[in-house]
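>
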Amino acid sequence: MTGGATPKPDALVRPGSGKDARGKDANETPATASTPAEPAEPIHGELSATGRRSARLRLRAAWMYYVEGMTQSAIASALDIGRVTVVRLLADARALNEVKISLSREIAELPRLEMGLQKAFGLREAVVAPLSGPLADPTSAIGAVTGQFISDLIRPDMKIGFGWGRTLMRALGFIDEKNVANVSVISLLGGITKAKQYNPSEFAWQLSRLFQADCHLIAAPAIVDSVETKRALIERCGLGTVYSLAREMDAVVLSVGEMEGDSTSMRFGFFTPDDWASLIAAGAVGDVVYNFIDIEGRPIDHPVNTRVMSIPIETLQATPERILTSGGPGKTQAVIAGLRMLRPTVFITDEVTAAAVLDAVGADY
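Residue numbering for the sequence shown follows my numbering, beginning at -8 and increasing consecutively.
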């Protein structure tokens, strides 16, 4: 939808062709079991830009129902409309052949935020996911769009690297499983020694299974005890092959961690409260694969940054296609830092985070 942008796969809603899946006219209200028994009425006028059931409202209702899993009553409350209207919005989306398995951004009225981000950070493309409200958890929405993007991005003979975290784990459920020839998936960060509810470091492995791809893991903890241990693991324990392969990557997909208590980095026990306080005191506002950075995107001067078992920042920055996907409460500064550090070609976020980031840097949108 933006100049030079890579076309995105369809999501929950896409512009209709005027015919539904059975070839019937899109203006004909479908007779479905979920549609209340109301007097038949034409919907053509109501689907105009000024109509009560605008494309924007229909888009939001479809997203809330199919991606966020909200009930029709909850949608009605969030949009301040009647439940019958919600049912008919969803029926209209089906009749217009807009409801598939994912949500198309082409009819979402979010270009203002996307263009603002592109201009402020020199992005080729920004992808902004809609939310049901300012307090909604954006992880599912961002994960859904990220999964769709990854599905479209993967191609034969590709070497692609992935970080890990909650957003990427959510993306797994929205990635199309398919056989793609000669794909190599590279994990950009070591693993964890104790999983809680889920193991985010398994993302690369699980994704490689979806594409029947080779998976290359950094078989070491994400943080080791010294620079000497790190050097020995790379030079004498076989990890040098992964680091070398990473220099040939065609693309990387990364998220950013914040410095608040709910951060994935903090929750998995790599850092004591004193460690965390010292990182913040050194100027850290977030991390990208455990490389802690300041608000300008520069690595901070801290021993942790010398002991992280991750692909070097310089390698990530030199990769041709760089996708950053992140958002949520408390992540504004971390996202800004990540954008400045990675200089991504594509940034995927939610509408609340997008607005907060643009406001924080004083950008027009």
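From the three backbone atoms N, C-alpha and C, an ideal C-beta is built for every residue, glycine too.
So which of Tyr57, Ser45, Glu59 has the shortest CA-CA distance to threonine 76?
Reading the sequence shown from its first residue, position 85 is the one you call residue 76. For the residues Tyr57, Ser45, Glu59, the minimum Cα distance to threonine 76 belongs to Ser45.
> Could you tell me which of Ala354, Thr344, Asp350, Tyr356 sits nearest to alanine 132, measuring between CA atoms?
Residue numbering aside, residue 132 sits at position 141 when the sequence shown is read from its first letter. The residue with the shortest Cα to Cα distance from alanine 132 is Thr344.
> Does alanine 347 come out as helix, strand or coil in the three-state DSSP assignment?
As a working note, residue 347 is residue 356 in the sequence shown. Three-state DSSP puts alanine 347 in a helix.
> Taking Cβ positions, are glycine 156 and leucine 179 nearer each other than 8 Å?
Start at 1 with the first residue of the sequence shown, and residue 156 comes out as number 165. Start at 1 with the first residue of the sequence shown, and residue 179 comes out as number 188. Their beta carbons are not under 8 Å apart, which means glycine 156 does not touch leucine 179 by this criterion.
> Just how far apart, CA to CA, sit arginine 51 and alanine 351?
In the sequence shown, residue 51 corresponds to position 60, counting from 1. In the sequence shown, residue 351 corresponds to position 360, counting from 1. C-alpha separation (whole angstroms): 26 Å.
> Whose C-beta lies closer than 7 Å to the C-beta of tyrosine 357 among residues of the same chain, with five residues either side of it excluded?
With the chain covering only -8 through 356, there is no way to say anything about residue 357.
> Go ahead and label aspartate 341 buried or exposed: buried means 16 or more other beta carbons lie within 10 angstroms of its beta carbon, across all protein chains shown.
On the sequence shown, position 350 is the one that residue 341 refers to. Buried, since its Cβ has 16 or more Cβ neighbours within 10 Å.
> Skipping 5 residues on each side, what residues in its chain have a beta carbon closer than 7 Å to that of leucine 80?
Within the sequence shown, the letter at position 89 stands for residue 80. Once the five neighbours on either side are set aside, the close Cβ partners of leucine 80 are Arg44, Leu48, Arg49, Ala52.
> Which first and last residues belong to the alpha helix (DSSP H) in which phenylalanine 112 is found?
Counting from 1 along the sequence shown, the entry for residue 112 is found at position 121. Taken as a continuous stretch (DSSP letters only), the alpha helix (DSSP H) holding phenylalanine 112 covers 102 to 112.
> Counting along the chain, where does the beta strand (DSSP E) carrying arginine 64 start and finish?
As a working mapping, residue 64 is identified with position 73 in the sequence shown. Per the sequence shown, residue 64 should be read as serine rather than arginine. Premise fails: serine 64 lies in the alpha helix (DSSP H), 63 to 70, not in any beta strand (DSSP E).
> Ordered along the chain, which non-local residues of its own chain (more than five positions away) have a Cβ less than 6 Å from that of leucine 315?
As a position in the sequence shown, residue 315 is number 324, starting the count at 1. For leucine 315, where only same-chain residues beyond five positions count, the Cβ hits under 6 Å are Leu245, Gly329, Leu333, Pro335, Phe338.
> Quick one: what's got a C-beta closer than 8 Å to glutamine 63's C-beta in the same chain, skipping five residues either side?
Counted from its first residue, the sequence shown places residue 63 at position 72. Within the same chain, glutamine 63 has close Cβ partners Tyr56, Arg74, Val77, Val78, Leu81.
> What three-state label does DSSP hand phenylalanine 261 in the structure shown?
For this step, residue 261 is matched to residue 270 along the sequence shown. The answer is coil: DSSP assigns phenylalanine 261 none of H, G, I, E or B.
> Using C-beta distances below 6 Å, list every residue in its chain close to alanine 354, excluding the 5 sequence neighbours before and after it, in chain order.
Taking the first residue of the sequence shown as position 1, residue 354 is located at position 363. Result list for alanine 354: Gly107, Ala111, in chain order.
> Who are the Cβ neighbours of serine 199 in its own chain at under 6 Å, not counting the five residues just before and after it?
As a first step, residue 199 is located in the sequence shown; it is residue number 208 there, counting from the start. Within the same chain, serine 199 has close Cβ partners Val176, Cys206.
> To the nearest angstrom, how far is it from the Cα of phenylalanine 140 to the Cα of alanine 309?
Here the question's residue 140 lines up with position 149 in the sequence shown. Here the question's residue 309 lines up with position 318 in the sequence shown. Straight-line Cα distance between these residues: approximately 21 Å.
> Do phenylalanine 262 and alanine 275 have their C-beta atoms closer together than 8 Å?
Here residue 262 refers to the residue found at position 271 when the sequence shown is read from its first residue. Here residue 275 refers to the residue found at position 284 when the sequence shown is read from its first residue. It is not a contact, given that the beta carbons lie outside the stated cut-off.
> Give the range of the beta strand (DSSP E) segment to which serine 175 is assigned.
The residue labelled residue 175 in the question sits at position 184 within the sequence shown. Taken as a continuous stretch (DSSP letters only), the beta strand (DSSP E) holding serine 175 covers 175 to 178.
> For glycine 288, I'd like the list of residues in its chain whose CB is within less than 6 Å of its CB, leaving aside the five on either flank, ordered along the chain.
Mapped onto the sequence shown, residue 288 falls at position 297. Closer than 6 Å at Cβ, skipping near neighbours: Ala328, Arg331, Met332.
> DSSP beta-bridge partners for valine 218?
As a working note, residue 218 is residue 227 in the sequence shown. Note: valine 218 sits in no beta bridge, so no partner.
> Indicate the three-state DSSP secondary structure (helix, strand or coil) for tyrosine 234 in the structure shown.
In the sequence shown, counting from the first residue as 1, residue 234 sits at position 243. Note: tyrosine 234 maps to helix in three-state DSSP.
> Rounded to whole angstroms, what's the CA-CA distance from threonine 137 to glutamate 251? Just pull it up for me.
One-based indexing of the sequence shown puts residue 137 at position 146. One-based indexing of the sequence shown puts residue 251 at position 260. Distance between the alpha carbons of threonine 137 and glutamate 251: 23 Å.
> Do glutamate 249 and glycine 229 have their CB atoms nearer than 8 Å?
Here the question's residue 249 lines up with position 258 in the sequence shown. Here the question's residue 229 lines up with position 238 in the sequence shown. In this structure, glycine 229 does not lie closer than 8 Å to glutamate 249 by Cβ.
> In the DSSP assignment, what residue or residues form a beta bridge with phenylalanine 140?
Position 149 of the sequence shown, counting from 1, holds the residue named residue 140. In the DSSP output, where bridge partners are listed per residue, phenylalanine 140 has none listed.
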